[in-house]
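Accompanying notes for the structure given below.
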Amino acid sequence: MINFSYTIWIPLLPFLLFILLGLAGHKLKPKLSGLFGTGGLAIITILSYITAYKYFFTSEKIEGAYQKISAFNITWLQLTDKLHIDLGVLLDPISVMMLVVITTVSLMVHIYSLGYMKGEKGFERFFAFLSLFSFSMLGLVLATNIFQMYIFWELVGVSSFLLIGFYYQKPSAVRASKKAFIVTRFADLGFLIGILILSFNTKTFDFITLTDPAGSAIAQGGGIAFMGLSVMTWSMIFVFMGGVGKSAMFPFHIWLPDAMEGPTPVSALIHAATMVVAGVYLVARMFPIYAFSAPAALEVVAYVGAFSSLFAAVIACTQTDIKRVLAYSTISQIGYMMLALGVSGYGGHEGLGYMASMFHLFTHAMFKALLFLGAGAIIHAVHTNHMTEMGGLRKYLPITHMTFLIACLTIAGIPPLSGFFSKDEILAAAFHNNKLLFAVEYIVAGLTAFYMFRLYFSIFWGKETHYHHTPHEAPATMTIPLIVLAIGSVFTGFIPFNELVTSDGKVFETEIELIVAIPSVLIGLLGIGIAFVMYRKESEISDKLAAIFKYTYKWAYNKFYMDELYLFVTKKIIFRYISEPVAWFDRHIVDGTMNAIASVTQSVSLRIKGFQSGQLQKYAFVFVTGAIMLAILFIYLWK
Amino acid sequence: MNTGIPIQYFLVLATIMFFTGVYGFLTRRNLITILMSVELILNSVNINFLAFNRFLYPHKLEGMFFSLFVIAVAASEAAVAIAIIINIYRRFTTINVEDVNEMKF
Amino acid sequence: MDILSLFVVIPVLTITAILFLKDARHVRLVSAFGMGLQLVLAAILVYLYLSARHSGNIAEMLFVKDYLWYKSLNIHYAVGVDGISVAMIALTSLVVFAGIFASWEVEFLKKEFFISLILLASGVFGFFISIDLFTMFLFYELAVIPMYLLIGIWGSGPKEYSAMKLTLMLMGGSALLLVGLLGIYFNSSPNGGQLTFNILEISKVAIPLPAQRLFFPLTFVGFGVLGALFPFHTWSPDGHASAPTAVSMLHAGVLMKLGGYGAFRVAIFLMPEAAQELSWIFIILTSISVVYGAFGAIAQKDLKYINAYSSVSHCGLVLFAVLMMNKTAMNGAILQMISHGLMTALFFALIGMLYGRTHTRMINEMGGLMKVIPFLSVCYVIAGLASLGLPGLSGFVAEMTIFVGAFQHPELFYRIVTILAVSSIVITAVYILRVVATLLLGPTTNEHHNHITDAKWFEKISVVTLIGAVAAIGLAPFWLSTMIGTSLQPIVNKIIALNPF
Amino acid sequence: MSLGTIFVMRHELLLIAAALLVLMAEIFVNPDKRRYISLFSVSLFGVITLIGFIPSPTGSLFGGMYVTSNTILLMKNVLNIGALLVFIQSVTWLKKEENSEKISEYFILLISTLVGMNFMISAGHFLMFYIGIELATIPIAALAAFDRYKNKSAEAGIKLILSSALSSGILLYGLSLIYGTTGTLYFNEVAALFGNNNLQILAFIFFFAGMAFKISIVPFHLWTADVYEGSPVNITSYLSVISKGAAVFILIILLFSVFPEIIATWQKTIYVTAVLTMTIGNLFAIRQQNITRFLAFSSISQAGYILLGFIGGNQLGMASVIYYVLVYIFSNLGAFGVVIAISNSKGRENIEDYNGLYHTNPKLSLIMTLALFSLAGIPPVAGFFGKFFLFTAAAQKGFYLLVLIAVLNTIISLFYYLLVIKAMFINKGENPIEKFRSDFPTRFALGICVAGIVVTGFASILFEVIRNLSFGV
Amino acid sequence: MAFNQIMFILFSAMIIVFSVLTVTSRKILRAAIYLLFVLVSTSGLYFMLNYQFLAAVQLTLYAGGIVVLIIFSILLTSHLSKKFEHSGWKKNIFSAIASLAGAILSIITILDYKFSATSEVAKEVDMRLIGKSLLSVDYDGYVLPFEVISILLLAAMIAAIVVAKNGGPAKAQSPLINQK
């Protein structure tokens, strides 16, 4: 048995960094704090790689399966006799994989930020928040139990909030951060309720117990039925709701495009590579329960994923803000991952979807981070987000151009880049399970290629617009990460995921299924071709198409009015029709009653003042009648 | 001894007198007439005491002595009341009870 | 002199010292010294308590001192603490200590201000150390009354109205309470024998059920008024809004906890059968408090009103949890009391400091303060995050304990209501973020606020003390939770004996 | 009659002697030395008060006409303490020029009313009771009209004497019926012969109405406010504390020892009147502007609370009543003491005049606050304990609803007490009462009141002593 | 019909009639005289009941003392020729109702009650007995009330003096004097 207890330092180190930078950051020189942050992250990246190596290649397998190793565990809070919240480190294939993903991307982003954020006010704050995020995200993936996951789930939410709102004086950034937080918080409510139901039924939070296919949690089955679905299904649906929120699936996707208000490195790290896939990770983490106890919930996962990916892809085709395009693309890709999980089974080849999902998560992290960082470099150069204001940048930004192209090809699924492999596995899994979903994803693959190259051509080709300053290539701190990630995007496709990350930890055989692979490559190429025609040079085709599909375009451009719907619900219904009436009710009815008691007392007091008339004889009259009435009362009426 | 007259007659008589006094107290406007009504009330009580003493409990003299002391008390009460009434008259120039209401509510 | 009585004696001595001070300038120093001493004493108490428990002392109450006071009625001055009261005492001393510093710059009738404030504190301390219903009630009222002067003299806005309303409503609560306590007293010995006010002794006998049915609602509502039980919470927004900073802190932070603590210690502990029977009524009321308070907070514009409604919501959660009648939920209730006490005190301290600088509490009249006064703003954000239940800060610990505990209730109705209560965390997020976004973030909207200064040293002491406590509980809740949990055992045993589930 | 037996009656005898001594002084002292009469009377009375505490034999004298017991001695001592305070508080007022002619009369009259009260409490026979009650009332009417040059004073006097005449008329009618149905007026004999029949209930109700008048129980209370407002404030405080206290004492003795047979009836009577008294008193007090009138209504509602001690007919009840009267003496005299001090030096008696008092006269306002809190029953001052015991006594016999009504009433009363406190501490006075220093007697009396208010509650020994001397039905 | 029955009817008729007249007469002096008649008739009743001493006291003290005092004060304070105004009918009616109700209630209750006389031997009331009782310290002796009433009378006297005594700024403030 290998001792993994040092892994606790992987999340702890960023936490300490956060404390250091948060409390003393403003006293340090900005550069120093940046170096502290980056250096710390470099250390944990190395640690993560060591861990990955040790875990995958030297740890002992039982019956050919990777074991879940609880490397560290302390009880943080004892709730009931059986339920307790632990904090610890759980190592299993997916968490180790996530370690690698997070630390790699995070390190790249840190390095990138040294250049990108240079001279910004609040540099040290930025690195403090990044450290906080790294801590939270690592804590999330290493969680030993669902409650720990929830804790860090909330923490990543907050870090995301802080980072989106980094430019806190910009109203749009503030709005976006608020929106992100509240939407995900609402989704987290579902997560929490799911946890409550789950723990009530299974009396445990612990992942190892929960997800052991032979364990008591799964053995007890779905539990009693409630409103047509079993309790376990309900709880899993609720838990998934949390994932939907964090991963920006429909209908909780609306926060993600707005979140692009944050600094671009943040978008790359949080809103592309790591945090947004937490939902996928969550489902993967709970996968045995989904597969065995709540298959209906798994179907929900599949359909939500498929719909989101289509929905987002359509919108992405119409957006002009490059970061928003990437954001919708992210939604779309995460939809893929969800779908893959949704169509997966447990164990062996049945678990293809699971493996594919994780695989895609991995590759997506690389190329999407690359895309965002590239976009950052572009924005850094031209000081705008809108692709209508760009064009012909390939001359000015050669490195960025090349890496961006690689990323676009990767996401379009062109072999032999990594995106091809992972996407192909997903399509294959869908193909075997559900033809409808496969069809949807097939179309999305084409759309993806189309909008990515629409983006690519508009930025680097097309008509050259007039720039205030001549755009120039970014400094080395920014280009090196681009190159590293580009290399990653190219080669990660060759990692044998079927041997490393599978649903039951055992190796299974996969091969490229040509019946799926060839059409998918073709449709990718088709998409690229259309984009080439439309955007390579200035052309009116796009406008004409937009005119033809006027309403569809308009709807897609306006993101199907989801924001407006949300606004309507929050502003009108919650605020106008609930909160304000509640406040009114409280002031006027509840409080009014209390005040009324007081004023009634006062007015009674005023009314009866006539008794005290100052007239002696009236006093005497009351006296006499009082005595007589008392006498009558007690002699005849109430004896 | 007191042949033929039941005690109830005396009691009823006293009661009527008592409430006549009360009526006077409640209606007369002149402070002195109110005082007179009070005397009626006290007198009726005396009748009660004496009747009881004579008819029912003649072995002791409690009723009679009580009446005696009531008369004495009534006298002193009347004296002080009249002193105050005269003072009222000097202050208010009237002894109409309805006008003596500087303090109310 | 036993250690517990010191908690009442020190404030009294401090008051006496202030009374005889010639120089008004030293008043705050003396107060700070006295309350600092109190804080140290609280720390010592925590240490003594834990070491006593550690050494195997399993008595229900520790450091019990019992002096016969009124022999014929068997009224005692009896003090004793268990983990819960120790925690509450620690909370109180923290908040009072912070409150002294938050009111460092009170100038008008300075002596009187600090005297009233410390008097209030001594009432609260007395309440928490008492195990005799009579002294408990005495201290309870003693804590309520100085509020009137504190709000009426040093308050702002419609202070007289608010002060009167607050006092009368709270005394109305204590009116119900008094009847309830007398009822308990006269049923404290159903088999004949000496009647008693002593909580421990009463808890050993079973109060007849018909009596419980009568007196449980009285007692619970009596305490509930102070715990902001719907619909008796309306004193809270007005009172908090009008009160001066330190008073709001103490009031929301500590005084409202008297309600929860009392409801737990007296109503539920002594009359569990009736509590179980009638809990559904109050569960409905408290869950209304929870959700309704949160919704109410969304629509407010005045910072203090927002916080007051949020207190209604959070304190509603305390009573809600207490009524769930299981160990975890009750543990959560106590944690929530402490957590809410700290963070709401923090909130009010910060609001007071903001108000001192901007002279407004209307959120739409301020904006972008983060740039001008980063320290206070960051503290405000931390307070907000604590309030909306961010892990790592105390609010999360408390709320989660409550929710998990409440959800263990065997009856479906209670679980569904729990889900309803859980939903308040979203609403909380909405109003907290609304405030944070409008007030602190964005561009500065009011140019008058461009030149205000950040926190002074005494303000920092006040704020940092509280934040430190909030974070400490949030990061390492285990010892506190365990300390409370052990002390909950007697009542849990009582309930289990009643209805094993 | 031995010397010992005389000592049994020492309260009354000493008081009579004191009255005569003052009378002598009035006659024989040089007119320009008259101002020492106050001092003389007060110190004389102080000595008497002290002597009252000497333990002494008890028993009945004059064939049962005069009865005394330790309980009764206690009650007398309580009244003496109160009366002493009133005496001290009067000194300053009597120094005024317009009163200088009547100092000795003032003391003689007050002492004689006290004699009346003592005889009333010690009565073993309704005749003594009646004479005592009249002796306790008639001179007070004259004292109410003491300020001859004030219309209000005269009005107060006439209202008091006429209504009291009517009430004693009704009381006498009741007594006559009691005599008629039992054939005796000795307390112990009446107790044995009293039953639950209509005529005796009627007699009891009439008797109760007469007593209720003295305690100002609603609906027999209407004279109270006017008389309190019109009388000189010293007399008002005497009326509200001592007269009321004496009437309360004798009523509880009579109810417990003479009418125990009809306890069911008088419990109902007291239930109804207590609720009415508390509520009406409070409702009227809310609106008052004049501070003495305000205190008058407050004292009406206080009487309502006191009735809660009656209702159970239990030992605790009597103890709590005596205790409460003691507390009430300190509290009410504390409040009145401040009113008197201000009225004497500034002549202002409206609540509005108290605006901003704290800023000019902090000590007076603090005493007032303490006294009002005590009246309102706020801990840790004595009033809290007093009220608590009263409520406990009622609750002991299961009158929880009544207790609830009473405590809710205390909320209303708290409201108006707070109004005064608000005036003193919070309101800004446009024309505040200037700073002044009251003279020694006032301060001395207030000091005793404050000490009483603060100490009485904590010193449980007092209550225990009282309780041991009390008895139930 | 026996003599004393006739006398009783006579006296009681006089008492009732003159009582009513006392409280209704619109001339004050007449009212006083009617009161005198009532008091005299009452003393007649006392004679009938064999309480001669008390009847005498009634005549001297009441009829002779109090009524004279009253008439004296009437002369001091009232315009004799002036008739009273009618007091308000509301007042009269309500007072009448209250008094009637009280009277009826009392009479019914009294008539309802079975009085039982004592079986003990009656005492003959003569002056000797009265004197002895008045000075007796034993059971059924009244020396104590006798003493106390003397204090009462003294106090009443002083009280009356206090009220009547001039003092302080009284003269200046008397409205009577101001008017003149």
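Protein chains in written order, with this note's numbering: chain G, 68 to 706; chain F, 17 to 121; chain C, 349 to 849; chain H, -16 to 456; chain P, 39 to 218. Don't be surprised by glycine CBs; every beta carbon is placed ideally from N, CA and C. On a predicted model such as this, the values are computed, not experimentally measured, just so you know.
- According to DSSP, G/I136 shares a beta bridge with G/L158.
- Assigned with DSSP and collapsed to three states, G/S115 falls in helix.
- In the three-state reduction of the DSSP assignment, G/Q145 falls in the strand class, which pools E and B.
- Within chain P, the residues A136, A139, G140, L143 have their CB atoms less than 8 Å from the CB of G/I695, given in chain order.
- Residue burial annotation: G/P538 is buried, with at least 16 other C-beta atoms found within 10 angstroms of its C-beta.
- G/F527 and G/I169 have their alpha carbons spaced roughly 30 Å apart.
- Judged by DSSP secondary structure, H/T51 falls within the beta strand (DSSP E) whose first and last residues are 49 to 51.
- Across the structure, C/G528 and H/F45 are spaced so that their CA atoms are roughly 49 Å apart.
- Between C/L698 and C/L724, the C-beta spacing is below 9 Å.
- For the region 296 to 340 of chain H, the continuous alpha helix (DSSP H) assignments of 4+ residues that do not extend past its boundaries occur at 298 to 329, in sequence order.
- The Cβ atoms of C/V472 and C/D350 lie no closer than 9 Å to each other.
- One Cα belongs to P/I44, the other to P/Y84, and the distance between them is close to 15 Å.
- Secondary structure of H/I200 (DSSP, three-state): coil.
- With a threshold of 9 Å between beta carbons, H/A324 makes no contact with chain G.
- Collapsing the DSSP output to three states places C/Y703 in a helix.
- C/L690 has a beta carbon lying at 9 Å or more from every beta carbon in chain G.
- In summary, F/E55 is buried, with 16 or more beta-carbon neighbours lying within 10 Å of its beta-carbon over all protein chains present.
- Under the 9 Å criterion on CB atoms, P/E158 is classed as interfacial with respect to chain F.
- Assigned with DSSP and collapsed to three states, C/K804 falls in coil, not helix or strand.
- Here C/Q542 is exposed, its C-beta having fewer than 16 other C-beta atoms within 10 Å.
- The beta carbon of H/L154 sits closer than 6 Å to those of F190, G193, all from its chain and outside the five residues before and after it, given in chain order.
- Taking the Cα of G/K530 as reference, the smallest distance to any Cα among G/M454, G/A506, G/G572 is reached at G/M454.
- Contact between G/S556 and G/F434 holds: their C-beta atoms lie close to 4 Å from each other, under 8 Å.
- If you check each beta-carbon in the region 80 to 103 of chain H against every beta-carbon of chain P, the ones closer than 7 Å belong to E80, E81, N82, E84, K85, E88, I91, L92, S95, V98, F102.
- Classified as buried, C/F695 has 16 or more neighbouring CB atoms from the shown chains inside 10 Å of its CB.
- For the options C/L530, C/E621, C/T692, C/L398, the alpha carbon positioned closest to that of H/A377 is the one of C/L530.
- Put simply, of G/L408, G/K128, G/A541 the residue whose alpha carbon is nearest the alpha carbon of G/G182 is G/A541.
- Counting along the chain, no alpha helix (DSSP H) covers H/G166, and no H or E run does either.
- The continuous alpha helix (DSSP H) containing P/I148 extends over residues 127 to 150.
- Under the 9 Å criterion on CB atoms, H/T262 is classed as non-interfacial with respect to chain F.
- Residues of chain G whose Cβ lies closer than 8 Å to the Cβ of C/A438 do not exist, since the nearest Cβ in that chain is about 18 Å away.
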